[in-house]
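There are 2 protein chains.
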Amino acid sequence: MVCISSSEPVFNFAAGPGMMPRDVLRQAREELLEWQRSGMSVMEMPFSGEVFQAIQQQAQQDLRELLGVPADYRILFLQGGASAQFALLPMNLLPAGATTDYADTGHWSRKAIAEASRYVRINVAASGAARDYRQIPTQADWQLTPGAGYCHITSNETADGLAYHWLPETGEVPLVADMTSDFLSRPLAVERFGVIYAGAQKNIGPAGLTIVIIRDDLLRPARPETPSAFSYRVQAESNGRFNTPLTYAVYIAGLVFQWLKRQGGLSVMAECNRRKSAKLYEAIDGSDFYLCRSCALDRSRMNVCFHLADDALTGEFLRQASEQGLLHLKGHPAVGGVRASLYNAMPEAGVDALIAFLHAFAARHA
Amino acid sequence: MVCISSSEPVFNFAAGPGMMPRDVLRQAREELLEWQRSGMSVMEMPFSGEVFQAIQQQAQQDLRELLGVPADYRILFLQGGASAQFALLPMNLLPAGATTDYADTGHWSRKAIAEASRYVRINVAASGAARDYRQIPTQADWQLTPGAGYCHITSNETADGLAYHWLPETGEVPLVADMTSDFLSRPLAVERFGVIYAGAQKNIGPAGLTIVIIRDDLLRPARPETPSAFSYRVQAESNGRFNTPLTYAVYIAGLVFQWLKRQGGLSVMAECNRRKSAKLYEAIDGSDFYLCRSCALDRSRMNVCFHLADDALTGEFLRQASEQGLLHLKGHPAVGGVRASLYNAMPEAGVDALIAFLHAFAARHA
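Chains as they are written, first to last, in the numbering used here: chain D, 9 to 374; chain G, 9 to 374.
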């Protein structure tokens, strides 16, 4: 285990759960024993009581405002993470035997496809395989299925370091996106989507909380074998009170939403995220010591994935980085190399420290 | 909303989420910004990293020790709460069309039966209906189904204020229990059960975390329509790392387990819970002003449910109690009246304060 002297600045580049805004953690600490003279910690609040209901409503309202969620979309605070949604999405949206389009752009879209294929017929409408997952297939490469139940994309591939910086045109077919790793990192045209879902542990809050934003007309009765607690419609009709929600995680997410509003909203975050990732990619591209294999146009601004030209040095690179308080830079096991996750909470100083380390390490080992 | 002056002692009698040990909340506050010189809040820890893995393993080990869980049982830290398990239990244990025994002892067993009946044939092996849910049916009243897939009980009925103080004999049929509201309130003969499950929000920790303790031979492949993230077997085989677990809730639960060990373990808690509930029942039974309708032998030590003889005074009773810092005493909506939940974290001083209030209110309104 890394032991950090608290006098050094520490930057946590983990892909998720990942770094959270200091201000949010400080407020959570401040309110941990008692929330606003309620006599209770948020962890102790009955979920159907007026105090927690006010916290939850405020969080929903702030999220609606941040993203500009139209009135005909519901925001659900659910449980189970995105991996559970991989199955619950087809169970909630479509009957058995229905056909869907999925784009295969990397590790997490393949996971989504594998799980969903147990419930629906899948047409891989676009695949990054032919180009070794170095880029997102361009619209011309897509083979959409007329009348498909939905078209699913993974807006940011956490393991591969790719992201959509445009949205595929799917006509009448609802566009559905797993946005776990770039939700709230930039403004969003919610009205272009049928369903957006995201696990919380990147840019929202504690792991487990799962946000589903769904257009009202898609709130159909789920398949009969769907547990009631996981029916979007049941949860929407009970306003998330069908069973006990993740009360503490909803509260922390609410603090994050308020923090985002104080930062100036998602346009400001997007510009900040663009700048942070651009300077890191520039440092990588500017050195023969490091290689980023993904196509410049489709690079993720959340997860910067790269390799050392001499892969044998990767272990040493990670060890030295960790000693300097640059934590959890190891690439996803399926991909290897180095991954720096630059979620909203990562300050620019963290990126600067990493860039300085890249230069210093290269100079020492060149 | 109740606004509490922080100089008054406040006691939270909510049925769940409910009161948590102060020492646990204080330690959580102490460690909120950084856990033990790791450079991270627990909320920010990558779940597959060695730091969080150590936290999770310690929590599992402490729970195993507290309950005396035999080596051939697995402890799973899952998500979704007990309401989700009502469906996931039959999906994981039995094929469609299988027959199970369920005991109907109150509000929550009826919820479990309603959801499970979508997946299996249910024989109500024992019902409290004939005696208006005032007692747990005695063993002689049970009609067990030979060869049933399992026999399900709700060990403590949170809404009705009833509990098993004995265990039904089910022979070869695995006994399965929803222990959400009395888990860790007393020692347990785990070896008498096939499966024990419990939502965390009473005696364990933050809502959402769901503990399943299952005997190895029952870890069968789940039904094909079960989302992988909710397969007991998949989760057991990956040691709960199939998807991101509820990292922060697992950490808090671990603090609660350590607190329980410091108190002297579950025998000490059981004696304390017996004493707290006995004195409250005594106060109720000793006054014509209050009525507890449940059979003395089967009364819950977690949720003391009673009525005012003059039900028209209930609103005033709850209002005055709340003003005096005795919070969330309202009975479950399905039952009405008053409910005082006395989980492990409720200090005896809280019960004493409630008893003093019972006397004073009766004196004022007699």
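Even for Gly, the Cβ is constructed at its ideal location relative to N, Cα and C.
Next on the checklist: Out of D/S349, D/S275, D/Y81 and D/A36, which one is the CA nearest neighbour of D/R307?
Outcome noted: Within the first sequence, residue 307 of chain D is the residue found at index 299, counting from 1. Residue D/S349 is the option with its Cα nearest to D/R307.
Checklist entry - Taking just the CA atoms, how far does D/G26 sit from G/E38? => result Position 30 of the second sequence holds residue 38 of chain G. Position 18 of the first sequence holds residue 26 of chain D. Looking at the two C-alpha atoms, the distance is approximately 20 Å.
Next on the checklist: Once DSSP output is grouped into helix, strand and coil, what is the label at G/I161?
Outcome noted: Counting from one through the second sequence, the residue named residue 161 of chain G turns up at place 153. In this structure, G/I161 counts as strand in the three-state DSSP scheme.
Checklist entry - Are the Cβ atoms of G/D186 and G/T162 separated by less than 8 Å? => result The sequence position of residue 186 of chain G within the second sequence is 178, counting from 1. The sequence position of residue 162 of chain G within the second sequence is 154, counting from 1. A contact, by the Cβ cut-off of 8 Å.
Next on the checklist: 8 Å is my cut-off, CB to CB: does G/T108 come that close to chain D?
Outcome noted: Here the question's residue 108 of chain G lines up with position 100 in the second sequence. Taking CB atoms only, G/T108 has no neighbour in chain D less than 8 Å away.
Checklist entry - Which of the residues in the segment 104-135 of chain G, read from start to end, lie with their CB under 8 Å from any CB of chain D? => result E123, R126 and Y127
Checklist entry - Helix, strand or coil: which one does DSSP assign to D/F19? => result The residue given as residue 19 of chain D occupies position 11 in the first sequence. Strand.
Checklist entry - Cα separation between G/S14 and D/L41? => result The count along the second sequence starts at 1 and reaches residue 14 of chain G at position 6. The count along the first sequence starts at 1 and reaches residue 41 of chain D at position 33. With a pLDDT of 46 at G/S14, under the threshold of 50, the modelled position of this residue cannot be trusted; read the value that follows with caution. Their backbone Cα atoms lie some 11 Å apart in a straight line.
Checklist entry - Using Cβ-Cβ distances below 7 Å, what residues of the segment 84-95 of chain G are close to chain D? => result Q87, G88, G89, S91, A92 and A95
Next on the checklist: Please list the terminal residues of the continuous alpha helix (DSSP H) segment that includes G/V258.
Outcome noted: As a first step, residue 258 of chain G must be located in the second sequence, where it is residue number 250. G/V258 -> alpha helix (DSSP H) spans T255 to Q271.
Item to check | Residues, ordered as in the chain, of the segment 332-344 of chain D that lie near chain G by beta-carbon distance below 7 Å | outcome: G333, L335 and H336
Checklist entry - Nearest-angstrom Cα distance between D/V18 and D/A111? => result Translated into positions along the first sequence, residue 18 of chain D becomes position 10. Translated into positions along the first sequence, residue 111 of chain D becomes position 103. Straight through space, the alpha carbons of D/A111 and D/V18 are spaced by roughly 37 Å.
Item to check | 8 Å Cβ cutoff, G/Q209 in contact with chain D | outcome: Along the second sequence, read from residue 1 onward, the residue named residue 209 of chain G stands at position 201. Yes, G/Q209 counts as interfacial toward chain D.
Next on the checklist: If we require 3 or more residues per run, which beta strand (DSSP E) segments fall completely within the segment 125-170 of chain D?
Outcome noted: 129-135 and 159-162
Checklist entry - Shorter than 8 Å from the beta carbon of G/M51 to some beta carbon of chain D? => result By 1-based counting over the second sequence, the position of residue 51 of chain G is 43. Closer than 8 Å: yes.
Item to check | Amino acids of chain G, ordered along the chain, whose beta-carbon sits closer than 7 Å to that of D/G76 | outcome: As a first step, residue 76 of chain D must be located in the first sequence, where it is residue number 68. Neighbours of D/G76 on chain G: none; closest Cβ ~27 Å, over 7 Å.
Item to check | Proximal residues, the segment 28-61 of chain G versus chain D, C-beta separation under 8 Å | outcome: Here the close residues are M28, R30, L33, R34, A36, R37, L40, L41, E42, R45, S46, G47, M48, S49, M51, E52, M53, P54, F55, G57, E58 and V59.
Next on the checklist: Rounded to whole angstroms, what is the Cα-Cα separation between G/F191 and G/P214?
Outcome noted: Translated into the one-based positions of the second sequence, residue 191 of chain G becomes position 183. Translated into the one-based positions of the second sequence, residue 214 of chain G becomes position 206. Looking at the two C-alpha atoms, the distance is approximately 14 Å.
Next on the checklist: Could you check whether the Cβ of D/A215 sits closer than 8 Å to any Cβ belonging to chain G?
Outcome noted: Along the first sequence, read from residue 1 onward, the residue named residue 215 of chain D stands at position 207. For D/A215, the answer is yes, since a Cβ of chain G falls inside 8 Å of its Cβ.
Next on the checklist: Taking contact to mean 3 or more Cβ pairs, one atom from each stretch, closer than 8 Å, check whether the segment 121-141 of chain G and the segment 260-276 of chain G are in contact.
Outcome noted: no
Next on the checklist: Any beta carbon of chain G sitting closer than 8 Å to that of D/F265?
Outcome noted: Here residue 265 of chain D corresponds to residue number 257 of the first sequence, with the count starting at 1. Not an interface residue.
Checklist entry - According to the neighbour-count rule (16 or more other Cβ atoms, all chains shown, within 10 Å of its Cβ), is D/C313 buried or exposed? => result As a working mapping, residue 313 of chain D is identified with position 305 in the first sequence. Result: buried.
Checklist entry - What residue range is occupied by the uninterrupted alpha helix (DSSP H) comprising G/D360? => result Taking the first residue of the second sequence as position 1, residue 360 of chain G is located at position 352. G/D360 -> alpha helix (DSSP H) spans E356 to H373.
Checklist entry - If you measure beta-carbon to beta-carbon, which residues of the segment 245-256 of chain G are closer than 9 Å to chain D? => result F250, N251, T252, P253, L254, T255 and Y256
Checklist entry - If you draw a straight line from the C-alpha of D/I204 to the C-alpha of G/H373, how long is it? => result Looking up residue 204 of chain D in the first sequence gives position 196. Looking up residue 373 of chain G in the second sequence gives position 365. Near 56 Å, if we compare the C-alpha coordinates of G/H373 and D/I204.
Item to check | Complete alpha helix (DSSP H) runs within the segment 74-101 of chain D (minimum length 4 residues, chain order) | outcome: Runs of the alpha helix (DSSP H) lying entirely within the segment 74-101 of chain D, each at least 4 residues long, are 89-101 in chain order.
Checklist entry - So D/R240 is in the alpha helix (DSSP H); what residue range does that whole segment cover? => result Taking the first residue of the first sequence as 1, we reach residue 240 of chain D at position 232. Note that residue 240 of chain D is Tyr in the sequence shown here, rather than Arg. Looking at the DSSP string, the run of the alpha helix (DSSP H) that includes D/Y240 is Y240 to E245.
Checklist entry - What residues from chain G crowd round D/S239, counting only those whose CB sits closer than 7 Å? => result In the first sequence, the residue the question calls residue 239 of chain D occupies position 231. Using a Cβ-Cβ cut-off of 7 Å, D/S239 is close to nothing in chain G; its nearest Cβ partner there is about 10 Å away.
Next on the checklist: Mapping the DSSP letters down to three states, classify G/E315 as helix, strand or coil.
Outcome noted: Position 307 of the second sequence holds residue 315 of chain G. It should be pointed out that residue 315 of chain G corresponds to His in this sequence rather than to Glu. Reduced to three states, the DSSP call for G/H315 is strand.
Checklist entry - Hey, which unbroken runs of the beta strand (DSSP E) at 3 residues or more fall wholly within the segment 212-240 of chain D? => result 217-223
Checklist entry - Applying a beta-carbon distance threshold of less than 7 Å, which residues of chain D neighbour G/G26? => result Along the second sequence, one-based indexing puts residue 26 of chain G at 18. Chain D residues near G/G26: E52.
Checklist entry - Can you find a C-beta in chain G that's less than 8 Å from the C-beta of D/C11? => result Taking the first residue of the first sequence as 1, we reach residue 11 of chain D at position 3. Note that D/C11 scores a pLDDT of 46, beneath 50, so its modelled location is shaky; the value from the coordinates is reported in the next line. For D/C11, the answer is yes, since a Cβ of chain G falls inside 8 Å of its Cβ.
Checklist entry - Is the Cβ-Cβ distance between D/D80 and D/R223 less than 8 Å? => result Along the first sequence, read from residue 1 onward, the residue named residue 80 of chain D stands at position 72. Along the first sequence, read from residue 1 onward, the residue named residue 223 of chain D stands at position 215. For D/D80 and D/R223, yes; Cβs fall inside 8 Å.
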